[in-house]
Amino acid sequence: MTLMELEQLIDVPAVSAPGQHCLVDPYDEPHAVLGIRVVVSRDHVAAAVDMAVHKHYGDGRSADRLTVDEIRYHTAALVLSEDALGLQQAGEAMAQLAVEDFHEDETRAHIQACYRAADRAYPRLA
């Protein structure tokens, strides 16, 4: 494909106006699966575990009981659903919770369990 042909394709809107042809029909069949690599911190993973435990496992389930697949699923879901600022804030909040020592024993145990889960699903890179 030539540069001129590519430039012409770029000018075609993704969704067509009445009477126009569009490059991609918004109701077309799925065509590709994108594998997007995202680098996250240990704090981001712990925040995802914390959110999963509170939002999806309201039955008092401990982060220590989450499987590696569950942890990875919820971490990917957080990265995909959260905007960049929200993801950063979640990681920063978790980091702050991890270093402060004034929490009740139950809260401290939960935070430590979230970090153990993060380490279990995503061992530190060598």
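Numbering that gives the first Met the number 0 puts the sequence shown at residues 0 to 125.
Glycine included, every Cβ here is placed at the ideal spot set by N, Cα and C.
Counting C-beta neighbours from all protein chains within 10 Å, is the total for residue i 16 or more, i.e. buried, or is it exposed?
i	result
ALA51	buried
THR106	exposed
VAL38	exposed
VAL32	exposed
LEU5	With a pLDDT of only 49 at LEU5, under 50, the local geometry of the prediction cannot be trusted, and no value is derived from it.
LEU124	exposed
Restricting to Cα atoms, I'd like to know which of the options is closest to residue i.
i	options	result
ALA92	VAL32, ALA47 and VAL38	ALA47
CYS113	LEU79, THR66 and LEU33	THR66
ARG60	ALA89, ALA108, GLU81 and GLY90	ALA108
GLY34	ASP49, ARG64, LEU79 and ALA62	LEU79
GLN111	ARG36, GLU28 and ASP49	ASP49
Which same chain residues end up closer than 8 angstroms to residue i when comparing Cβ atoms and leaving out the 5 residues on each side of it in sequence?
i	result
HIS55	HIS73
Leaving aside the five residues before and after residue i along the sequence, list all residues of the same chain whose C-beta is less than 6 angstroms from its C-beta, in chain order.
i	result
ASP42	GLY90, MET93 and ALA94
- Would you check if there are 3 or more beta carbon pairs closer than 8 angstroms linking the segment 66-78 to the segment 96-103? no
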